[in-house]
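The next block holds one structure in the form of structure tokens; read it before the comments.
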Amino acid sequence: MGSSHVFAARMYIQAPKTVSSNNAPLSFSIYIDPEGESISGTSGDLSFSSNLFELDTITVNGGVVSLWAVTPQVSAEKFFDQRSHILFEGIIPGGFKGVSSPYYKEKGDGVIFTVTVIPKKQGLDTFRLDN
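With the working numbering applied, the sequence shown covers 15 to 145.
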């Protein structure tokens, strides 16, 4: 019996800790860190409270994913958790090992997509990234 190697890149959300009190749009990005390996695709489920935020836009321009099997979009499916879910699945032909820069030797993390939401009311929420 042979051994196998399993690899999973790290995805994370980079968002401000607080939102303006004047209902100004809030933008945040989903990043991927290939952790030194070459990755060929990614998928996931980003969710937030439907009663606290309204989706404004999702931008994939400038992201590291060039072929989308499921373009990031709010799912029409209703979930028990009463949250809005943005499902996505993309392919990176040739693989992704990180973003190169002439200013530093290490490769940087890459943006998958950027989301802009508009706060509806005051409250506390957590943006969740699953799968």
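Every residue, glycine too, gets a C-beta built ideally from N, C-alpha and C. Just so you know, these numbers come straight off a predicted model, no measurement behind them.
By Cβ distance, which residues of its chain are closer than 7 Å to residue i, with the 5 residues on each side in sequence left out?
i     : result
GLN28 : PHE42, SER43 and TYR45
Is the beta carbon of residue i sitting closer than 9 Å to the one on residue j?
i      : j      : result
GLN96  : SER64  : yes
ILE53  : THR128 : no
GLU103 : GLY55  : yes
Taking all protein chains shown into account, do 16 or more other C-beta atoms lie within 10 angstroms of the C-beta of residue i, making it buried, or fewer, making it exposed?
i      : result
ILE105 : exposed
PHE93  : exposed
LEU81  : exposed
PRO116 : exposed
Please identify the residue among the options whose C-alpha is closest to the C-alpha of residue i.
i     : options                        : result
GLY58 : ASN75, GLU49, ALA83 and ASP139 : ALA83
VAL74 : GLU68, THR85 and LEU66         : THR85
ASP47 : GLY109, VAL131 and PHE141      : GLY109
Output needed for residue i: all residues of its chain with C-beta closer than 6 Å, excluding positions within five of it in sequence on either side, in chain order.
i     : result
VAL33 : LEU40 and PRO133
LEU60 : ILE100 and LEU143
Identify, in the order they occur along the chain, each residue of the same chain with its Cβ nearer than 8 Å to the Cβ of residue i, setting aside the five sequence neighbours on each side.
i      : result
VAL113 : VAL78, LYS121, GLY122, ASP123 and GLY124
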